[in-house]
Amino acid sequence: MVARQPLPETILLEDSCTAFRDVARRGVHLQQPVSILDHVGETPLLRLHHLAADLPPSVEVYAKAEWFNPGGSVKDRAALHIIESAERSGDLTPDKILIDSTSGNTGIAYAWIGAVKGYRVTLVMPENVSEERKRILQAYGAELIFSDPLEGSDGAIRLVREIVAQNPERYYYADQYNNPANWRAHFCHTGPEIWAQTGGRITHFVAGVGTSGTLVGTARFLRRVNPNVRVIAVEPEDELAVIEGLKHLETAIVPGIYDPSVVDETRYVSPADAYETTMRLAREEGWFVGFSAGAAVYAALQVARQLEEGVVVTVLPDGGAKYLSLLRS
């Protein structure tokens, strides 16, 4: 087993993380929730058992179960932080429409949080996203605008920029790919939670690259409390390999918040390996997750199999219910 590292008495975070000061010392349950918004975050950290059965006892693999968030994904964290940061700055006001591009999960987060707070929400997304996602968004009352499916998430980004440029006063453009509130959500929340839940023993952090907010924010926090934590990014194996929620950065629009300096290495995963791992997680671990989660676990196991000892943690961005129409029979 990896020796338990002492937790710092106080972890000084940025001003936007005031509510999470001393989180590693005091634990992650800071207050009694009174609103559905208070249930964003503090998700379980699950240990991988059956898929990790070939590993020695000195190597542990864990995963953050982000489908426990109210909107069903890790994107609830970023969306809430983006919205509340914009409220504080005055950029988001009741007369404006919140607009952004999304492949689905961030849009769902904007939609349900917008419903709670009373904001109108317009979302631009590729037309080929799963039908389940479209119906969920419509149920929350969001307006949907579809972009060319052949252009993927980059096409949605270009289209939303055109829409905002035509009428900038009408919209608050959340711009999740370039908004620092995205990664700060994970610096303030996800990173401290993982540190506390592993007792400071984490040695490797593995996360997929979409907007890169989860990867960058969590990595920055973990590196602050332990500079020796290794950070591994996960991407599709090439530009033609489609794993929903992940970007192949060499051929895609690189998010403005992406910080290559926090990444020690990148693991590339094929759609077939992501799909197979997703199915194995459901049938052997009882975790019904999305395909980007399958890719993350596949990469985490690759990393773990090269270790003699260590604590590897990855993130399961969402559950699998939104992908039922995409499953092979």
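Going by the numbering used here, the residue at position 10 of the sequence shown is 4; the numbering climbs one at a time, nothing skipped. Yeah, the Cβ is synthetic: ideal placement off N, Cα and C, and Gly gets one too.
Separation of residue j from residue i, as counted between CA atoms
i: residue 61; j: residue 160; result: 36 Å
i: residue 311; j: residue 213; result: 16 Å
i: residue 135; j: residue 51; result: 49 Å
i: residue 124; j: residue 202; result: 20 Å
i: residue 185; j: residue 39; result: 12 Å
i: residue 142; j: residue 243; result: 20 Å
i: residue 187; j: residue 197; result: 15 Å
i: residue 254; j: residue 47; result: 32 Å
i: residue 129; j: residue 221; result: 43 Å
i: residue 76; j: residue 305; result: 31 Å
i: residue 91; j: residue 115; result: 6 Å
i: residue 274; j: residue 247; result: 32 Å
i: residue 217; j: residue 232; result: 29 Å
i: residue 287; j: residue 281; result: 10 Å
i: residue 147; j: residue 300; result: 33 Å
i: residue 226; j: residue 261; result: 7 Å
i: residue 298; j: residue 174; result: 31 Å
i: residue 307; j: residue 111; result: 33 Å
i: residue 99; j: residue 53; result: 32 Å
i: residue 228; j: residue 209; result: 9 Å
i: residue 109; j: residue 320; result: 28 Å
i: residue 67; j: residue 176; result: 14 Å
i: residue 87; j: residue 97; result: 25 Å
i: residue 57; j: residue 277; result: 16 Å
i: residue 183; j: residue 322; result: 35 Å
i: residue 83; j: residue 265; result: 41 Å
i: residue 245; j: residue 235; result: 11 Å
i: residue 302; j: residue 179; result: 33 Å
i: residue 81; j: residue 211; result: 21 Å
i: residue 55; j: residue 283; result: 16 Å
i: residue 168; j: residue 74; result: 11 Å
Same chain, Cβ closer than 7 Å to residue i, neighbours up to 5 away in sequence not counted
i: residue 292; result: 263, 267, 268, 271
i: residue 250; result: 171, 172
i: residue 85; result: 166
i: residue 279; result: 42, 43, 44, 45
i: residue 131; result: 101, 102, 105, 117, 138
i: residue 64; result: 30, 33, 34, 70, 106
i: residue 285; result: 237, 238, 268, 269, 272, 317
i: residue 149; result: 120, 141, 142
i: residue 162; result: none
Sheet register partners of residue i (DSSP bridge)
i: residue 146; result: Residue 146 is not bridged to any residue.
i: residue 198; result: 224, 306
i: residue 117; result: 94, 138
i: residue 313; result: 283
i: residue 162; result: Answer is none; residue 162 lacks a bridge partner.
i: residue 229; result: 262
Same chain, Cβ closer than 8 Å to residue i, five either side skipped, listed in chain order
i: residue 21; result: Confidence in residue 21 is poor, its pLDDT being 45 and thus under 50, which makes the residue's placement too unreliable to answer from.
i: residue 165; result: 90, 91, 92, 93, 116, 157, 158
i: residue -1; result: In this predicted model, residue -1 has a pLDDT of only 41, less than 50, meaning its place in the structure is not dependable; the value taken from the coordinates is given anyway. Same-chain partners within the cutoff: 193, 194, 195, 220.
i: residue 145; result: 120, 152
i: residue 59; result: 37, 38, 39, 40, 281, 310
i: residue 256; result: 209, 210, 213, 214, 217, 225
Cβ distance (whole Å) where residue i is taken to contact residue j below 8 Å
i: residue 316; j: residue 126; result: 4 Å
i: residue 204; j: residue 72; result: Not confirmed; about 10 Å, so no contact.
i: residue 154; j: residue 294; result: Rounded, the Cβ-Cβ distance is 32 Å, inconsistent with contact.
i: residue 290; j: residue 309; result: 6 Å
The ligand FMN heavy atom lying under 7 Å from the CB of residue i
i: residue 208; result: This structure lacks the ligand FMN; in fact it carries no ligand of any kind.
Span of the beta strand (DSSP E), counted from its first residue to its last, around residue i
i: residue 58; result: 53 to 59
i: residue 171; result: Run containing residue 171: none; DSSP gives neither H nor E here.
i: residue 259; result: 259 to 263
i: residue 41; result: 39 to 41
Proximal residues to residue i (C-beta, below 6 Å), its chain only, five neighbours per side dropped
i: residue 224; result: 198, 258
i: residue 230; result: 237, 240, 242
i: residue 215; result: 181, 185
i: residue 113; result: 92
i: residue 95; result: 118, 150, 151, 154
i: residue 78; result: none
i: residue 49; result: 298
i: residue 252; result: 206
i: residue 11; result: 182
i: residue 314; result: 282, 283, 284
Where the alpha helix (DSSP H) containing residue i begins and where it ends
i: residue 167; result: Looking at the DSSP string, residue 167 is not in any alpha helix (DSSP H); the run it does join, the beta strand (DSSP E), is 165 to 167.
i: residue 99; result: 99 to 111
i: residue 36; result: No alpha helix (DSSP H) contains residue 36, which DSSP labels as neither H nor E.
i: residue 77; result: 69 to 83
i: residue 215; result: 207 to 219
i: residue 187; result: 185 to 191
i: residue 129; result: 125 to 133
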